[in-house]
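Number of protein chains: 6
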Amino acid sequence: MIFALGASRPFGEGVAALLGLSLAQHEERDFEDGEHKTRPLENVRGRDVFVIHSLYGDADDSPNDKLIRLLFFIGALKDASAARITAVLPYLAYARKDRKTKPRDPVTTKYLARLLEAAGVHGVLGFDVHNLQAFQNAFSVPTDHVEAKGLFVEYFAELKGVERVVVMSPDAGGVKRAEAFRQTLGSTFGADIPLAFMEKTRSAGVVAGETLVGEVGGATVIILDDLISTGTTMVRAAGACRERGAQRVFAAATHGLFVGDAAKVIADDALEKVVITDSVPPFRLNDRLLRDKVVVLEAAPLFAEAIRRIHAGGSIVELLGD
Amino acid sequence: MIFALGASRPFGEGVAALLGLSLAQHEERDFEDGEHKTRPLENVRGRDVFVIHSLYGDADDSPNDKLIRLLFFIGALKDASAARITAVLPYLAYARKDRKTKPRDPVTTKYLARLLEAAGVHGVLGFDVHNLQAFQNAFSVPTDHVEAKGLFVEYFAELKGVERVVVMSPDAGGVKRAEAFRQTLGSTFGADIPLAFMEKTRSAGVVAGETLVGEVGGATVIILDDLISTGTTMVRAAGACRERGAQRVFAAATHGLFVGDAAKVIADDALEKVVITDSVPPFRLNDRLLRDKVVVLEAAPLFAEAIRRIHAGGSIVELLGD
Amino acid sequence: MIFALGASRPFGEGVAALLGLSLAQHEERDFEDGEHKTRPLENVRGRDVFVIHSLYGDADDSPNDKLIRLLFFIGALKDASAARITAVLPYLAYARKDRKTKPRDPVTTKYLARLLEAAGVHGVLGFDVHNLQAFQNAFSVPTDHVEAKGLFVEYFAELKGVERVVVMSPDAGGVKRAEAFRQTLGSTFGADIPLAFMEKTRSAGVVAGETLVGEVGGATVIILDDLISTGTTMVRAAGACRERGAQRVFAAATHGLFVGDAAKVIADDALEKVVITDSVPPFRLNDRLLRDKVVVLEAAPLFAEAIRRIHAGGSIVELLGD
Amino acid sequence: MIFALGASRPFGEGVAALLGLSLAQHEERDFEDGEHKTRPLENVRGRDVFVIHSLYGDADDSPNDKLIRLLFFIGALKDASAARITAVLPYLAYARKDRKTKPRDPVTTKYLARLLEAAGVHGVLGFDVHNLQAFQNAFSVPTDHVEAKGLFVEYFAELKGVERVVVMSPDAGGVKRAEAFRQTLGSTFGADIPLAFMEKTRSAGVVAGETLVGEVGGATVIILDDLISTGTTMVRAAGACRERGAQRVFAAATHGLFVGDAAKVIADDALEKVVITDSVPPFRLNDRLLRDKVVVLEAAPLFAEAIRRIHAGGSIVELLGD
Amino acid sequence: MIFALGASRPFGEGVAALLGLSLAQHEERDFEDGEHKTRPLENVRGRDVFVIHSLYGDADDSPNDKLIRLLFFIGALKDASAARITAVLPYLAYARKDRKTKPRDPVTTKYLARLLEAAGVHGVLGFDVHNLQAFQNAFSVPTDHVEAKGLFVEYFAELKGVERVVVMSPDAGGVKRAEAFRQTLGSTFGADIPLAFMEKTRSAGVVAGETLVGEVGGATVIILDDLISTGTTMVRAAGACRERGAQRVFAAATHGLFVGDAAKVIADDALEKVVITDSVPPFRLNDRLLRDKVVVLEAAPLFAEAIRRIHAGGSIVELLGD
Amino acid sequence: MIFALGASRPFGEGVAALLGLSLAQHEERDFEDGEHKTRPLENVRGRDVFVIHSLYGDADDSPNDKLIRLLFFIGALKDASAARITAVLPYLAYARKDRKTKPRDPVTTKYLARLLEAAGVHGVLGFDVHNLQAFQNAFSVPTDHVEAKGLFVEYFAELKGVERVVVMSPDAGGVKRAEAFRQTLGSTFGADIPLAFMEKTRSAGVVAGETLVGEVGGATVIILDDLISTGTTMVRAAGACRERGAQRVFAAATHGLFVGDAAKVIADDALEKVVITDSVPPFRLNDRLLRDKVVVLEAAPLFAEAIRRIHAGGSIVELLGD
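This is the structure:
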């Protein structure tokens, strides 16, 4: 039984359809005082319920609001005697604020876990979570996660044998992710694919610039990250590739948040294509961008299969090919 | 040690000043992706910490957002080893959604309690909570609540001996609250003050109208409610009083939410004055209304004394004169 | 698998029989020191177990005693590896003490919830619980409740088309309940049924008397309440109806506690019939009363169907026609 | 701050007086439907509260009732913001039902622990608990216990040097307790005191009788047990001593329950004196017995000192001389 | 689905084979820093998982180490979404340290219970646990236990009708266990089997020696205990039997720990045979002892049947014939 | 009140002495069956208790054993009514196994947190924990951590102005730690100190070697890591520095585990000195190494001050200069 809240409804319909289901019906009402009421319209007693809600946001559209709606709806499902409730989170808010960087900083991933568990969730399904360590340590209930890696490999399969491909991480922190993608892509191509990454250079304790480590001259570069926020990181990395003679530069990221001036930023010529999934609906981009530059891969099949396995006792590990 | 978040900062400063303190410093940062980070800037280890946050909202300013900020900040205080954390809520969101009225409705007060407790709160201080039963049953941690009754009695003290005063409830559900106010006011005035209330009349199962029960002819009527939302309930009751010959009509309510067209509605001539507290900042009203019609009583002294007693082991019960 | 403790055994047998089952066997032993031992005599491992215990009492027969027996038996079921344990409470003790009316009052419904949950209950089924808000906010485990409304509608169906029926609440607090009954009865009768209620009148802050609000002259009045304790409330309301010219007056209440002098009180001629359910066995009434005046409706079919649905994943909401 | 509920009030007054305090005030009201309401009449916020309630009972006076009153009162103390709540239990009910002896038996000590903890207790003080292992394993909160051993040693000090004293256990299970008493008494007397005990003899798998193991001829025998229920165990042991030539026979037991025909049983001449404490008020005994045979030692000084130490951080271990 | 960790793997294979299964695969890796990693190699999502780990030890082989491995593996199973996890503990460590014998002693059985529950266990299966009361009171999750009694009865069945058999407890604390065995054996033999036991004698407060209570002259004595540690208790009891004219002396104990010089001790001629189960692998004994004196009964059939019943909802109580 | 278990006793004595205290007394007994018993020998009721236990190990000395001893001792402290219990962990076991790297891997840091919390800990103090994110997300109770950075800065202060110093991370994962050290050292030296690090080079998907990134020619290099296990990482990095012309090479690491052949490895001439703290006693090194090459900085002052602040409500953040 699958519910999808708010803006995640189209995504949820796609997932449900792939499982031969319709989305379960619910009511979402907003009141003038800013409060809301969400309730299932169908009997959920004894059912294995999945609630899809992507917790992205921007300055006007608060992930806090989405989170409370999810928490209260989970509460209502529990009170209506649902047997098991799994929160399906195509985009997990606050995953980048996963530890204290300044004194007394909030450990936000942990709080999010505590709140979901207090509401009554029995499991959580994430998607290329920014910090998997924090995610796995924060939750007491079992967590599962799926990855966009396979979707990207499939998309870039057409490059096989045609060009020299280099996988790149736009910063040092993402090298591990890029490395995993590089290996999977390489085993698909039957070839060793080199890795490159951007590295900060410092002078007198201040970050002075960035250097590209690795060889990209003449190559087709795929810059991989877990998310695109304002897009500047990607574009800066793409620019560096071009300067060093890269022929084509693709950006690939699971979550296309596109906050602030992202639409303008990613229009930069240095990037040939920006490949994302629909974990965050790309509604902040204009039609032209979406037609010409941004490629949106459908994550619904991945989620449908993961939900099927969680429901029936299948292995997510095997789904990911790990 | 007192923190006040966001728009509750001016209110909190008033409370702190009355206790001879300054508000403790914290940082609230908002990010472009709609996420935020709030952290205490002072050492809270082993301290008895109070966090003031009024959870009101309207269509643009979400109580959900305020609630998440409160929850995460409580989490950060707990992680920073605060000895005790009390959430001070001048206005408690979702208190009117305190039970299932339709199948599978959320029991929102309960969920709010679970979330605050999961975040790490040790106690909660409410203010004329809409449904005290739900509030007291929902929380596992001790709750306290204060009431505006004394502030209203003080404000209306000038009417003593001058005019015939009638206390009125704008609906049947508020009769208990009006009755308590009537008694306290009466013992201040040394006189028996009559009660009146509005009652729904029905025809063929549909609410057809309302009737005023009680005698208000020639009297000064104080219509008492816990909150003013759009203001229509108050104005309708005031109109009924006028029709039945009331000389003066005051509206008194603890929480002035003033959502939707409230500014226009309460401008109605039937109401002489609208007396509220500053539990919700009356920023949605224009200056003229605030100067001519709306009287804002300061709740800070009440909260300051309650916090002093909670901290020092005093009795809130005695503070309320119960 | 259905157990019924102590005096609830006959009721439980009725419920079980309607489901084609026998009551599961258990042993209840009492010792000379006032302690007891209750244990299941059948294997409950992995079973979905329901325990029926009506927590009524009077001065000699303590609901406290019944509650401890229920709690310890639930503990024994949990230790014997029952998969799910639902407490079925035809009458819920302490439901009228649902909040603080005096300083430091116990919030008894909440404590009852905490104790049942600590014992190991997974769900609770109530029956016309006095304060549904407190009940729903107090429990963390899912709660369900059934209502006698349908039984009463069925019983009074014979009045359809024959007489002018008025539904009455014996006090202001019960208007909501009476209203719901009035609507259901009206839609059965295909007619609009008026509502009346008793209202307290005060003088100098003291309750001076009661007034009947509504038109009952020449009508057949059904006074509806959730429970009959000493019966005086019902009889006073009935007397008021008679004074105002009501032709026939019925009392209908889900729970017939009949404490104190209730047997004498309800013998009053003002009441034609007193209609109750068997949620509390009417053993405190003499045979003559039971033969001539008190009608006991069987709640077993309602409970049997509710248990069937809780077990099989059906909807209680739909059972109630909400 | 010390409260004492119901019949434990006189005992509690004694304890409080020894600490230079009065008992804190509370209200206990009983209603006609068998429900009750207990609430503190004094401010308990931030206080270290002790609640004394001896959970004894007989067939008419249910320990279940006492237990619920204790649980609800603890709940009310917690809700009134008591800082710490210690349940002081001169007699702990259900301590003899500490494990499964038959299939699916309740593990009652554990359930009692879970309920007290769910109500909000922070610590428990017991008194010669029947099964210390079960008691210590069942509670998650810290437990303390005191022993009557010292009171008995003091009482029997007058026998020092006068007569040959033998300590006896009335059954095999109590040998450990008797042994501890024998040692303490011996070190007071500066002499080695022998031990005796009764042992069941069996024939064909049935208990056929009992044999006295040890030498009691010409001796003064002190039969020690934790409690006297019907008294038959004690009297049987005393009889055996007399048959074997004991000169004087005393019974000493911490808890004098005296259920059933105990008053008649202990009147038996075989017993010279029955020495108990006032953990259970000896109200079931007639004046003559109390004057001539039963000696009631005051446990209040022991409890007063234990409470003082628990409050001030002293050692109970050292109080017991262990 | 059955896992068996470390040295319990052979035992687990036996259990699995009897259920027509293979042991589920897992990986156990040890690192140079003394840390380890254990993980299931098979999908466990939604499965009913049993983990067998016997927590015995000696000075070199720490039960602490075995316990942490069990706890972490249970954690990994929970995170991998196992539906139910039952810890199967042929030998439960720390069961003899079940209460405080000295001031501030650890209550180890309780801590073990808390840790297993914190790790995520849903049930525990024990085997002749030393202190059943402590075990049952310590765990919140349901516990089951099986007994070796039936295996011993079967083994000694050949003595039926041939010789006069006496059952003996090597100390006073084990009389209850010996009594239960005596009864079962007796009903198998169709004869009344006498009981004997060793009792400590004291002089001046010091244990001076032990006396054998009961008649063993000319008899075949079966000394029964729950475990053999160094073996001295058994050998001393056997010696006493021989002195009193016993013809043959068998030792029977569920758990053969054989720590210290046990191999040498039990070689003593006083004992004809030492009958144990394989709850602890008898690897500390040399081949000669195992061939000539020690009989190892297989407990696997008992565990296989218990696991089958726990999985399928059968009764352990009936399995034990209680 | 400070306890130190087992091998951490000397370290604990140093800490206690700096606070003007003696270590609190406890008893640790080991039994022949590998079990143990640890109990406080002093009254801890109402005290603020710190337990120091460094959870290092090697193949013979199991951190599992240390962990169980810590958990059981915390349980005993809780049962003895300690007011607050803080686990002080100079070395935290399993911190490197902080997430799933293979399917169904244990999330060990989380399990460790759950176990410590189940035992009854109120806070944890760590020391240069390997993965601070995992650590902070895993614990529900407040955590604090201290860092050796200041000790190293102090030690290397003598290099100020004398030589060109470069700070180096021996792998990419430690760059963040090295960066923080570089900044603090630089602000002490009043100079900008460059950073270098080792980076893996790959060929065909396999790690082929490592390259040194940064300029170390003619410099004095301080290679910083959180721990030294076998020492090979450090020595390889030192060798690379030497090849690239470094004049002097120091290794600095908080935790000197020195497992396996570490003593031989770190004897390598490439390293001038190996600077560690005494979080792990360097007992695995021979005297010569300790005299000539390994410098052990005392962490006791840091811990003493942290404990003082945790006890008295001071700020650890300010202690670290953050």
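Residue numbers (my numbering), protein chains in the order written: chain C, 1 to 322; chain L, 1001 to 1322; chain R, 2001 to 2322; chain F, 3001 to 3322; chain S, 4001 to 4322; chain H, 5001 to 5322. We put the CB at the ideal spot given by N, CA and C, even for glycine. All values reported here derive from a predicted model rather than from experimental measurement.
Contacts with chain H at 7 Å (Cβ-Cβ) include Thr109/C. Neighbourhood of Gly4123/S in chain R, by CB distance below 8 Å: Ser2081, in chain order. In this structure the stretch 1048-1067 of chain L lies against the stretch 1003-1022 of chain L, because at least three pairs of beta carbons, one per stretch, are closer than 8 Å. Residue pairing of Leu1224/L in beta bridges, as defined by DSSP: Ala1252/L.
For Gly3321/F, there is no enclosing alpha helix (DSSP H), since its DSSP letter is neither H nor E. Chain-order list of chain S residues neighbouring Pro142/C: Lys4078, Asp4079, Ala4080, Ser4081, by C-beta distance under 8 Å. Look at Asn5064/H: its C-beta is under 7 Å from a C-beta on chain S. At least one CB atom of chain L sits nearer than 7 Å to the CB of Phe72/C.
Inter-residue distance for Val5153/H and Val5167/H is about 11 Å (C-alpha atoms, whole angstroms). Identification of chain S residues near Gly46/C by a Cβ-Cβ cut-off of 7 Å yields none; the smallest Cβ-Cβ distance measures about 15 Å. Note on Arg3291/F: under 16 other CB atoms within 10 angstroms of its CB, so exposed under the neighbour-count rule. Taking a Cβ-Cβ cut-off of 8 Å, the neighbours of Val1175/L in chain R comprise Ala2172, given in sequence order. Ile228/C is a Cβ neighbour of Ala253/C, given a cutoff of 7 Å.
Taking 7 Å as the cut-off, the beta carbon of Arg3242/F is found no closer than this to the beta carbon of Ala3267/F. Scanning Ala2007/R, Gly2020/R, Ile2068/R, Glu2305/R for the CA closest to the CA of His2036/R turns up Ile2068/R.
It is roughly 37 Å from the alpha-carbon of Lys3110/F to the alpha-carbon of Ile3193/F.
Boundaries for Pro5040/H: no alpha helix (DSSP H) harbours it, while the beta strand (DSSP E) harbouring it runs 5036-5040, taken from the DSSP string. The continuous beta strand (DSSP E) containing Phe3050/F extends over residues 3048-3052. For the C-beta of Val4259/S, the chain H residues within less than 7 Å are, from N- to C-terminus, Glu5032, Asp5033. The continuous alpha helix (DSSP H) containing Asp1287/L extends over residues 1287-1292. In the same chain as Arg2182/R, and ignoring 5 residues on each side of it, the C-beta atoms closer than 7 Å to its own belong to Val2167, Ile2193, Leu2195, in chain order. Think of a sphere of 9 Å around the beta carbon of Gly5120/H: no beta carbon from chain L falls inside it, the nearest being about 17 Å out. Shown here, Val1317/L sits in a helix according to DSSP, grouped into three states. Between Ala3118/F and Arg2114/R, the gap from beta carbon to beta carbon is short of 7 Å.
Bounds of the alpha helix (DSSP H) holding Phe1152/L are 1149-1155. With a contact defined as Cβ atoms closer than 8 Å, Pro1063/L and Ala1093/L qualify at about 4 Å. Every unbroken stretch of the beta strand (DSSP E) spanning 3 or more residues and falling wholly within the stretch 3227-3282 of chain F is given here in chain order: 3248-3256, 3273-3277. Against Asn3043/F, the close residues of chain L are Gly1313, Gly1314, Ser1315, Val1317, Glu1318, in the order they occur along the chain (beta-carbon pairs closer than 8 Å).
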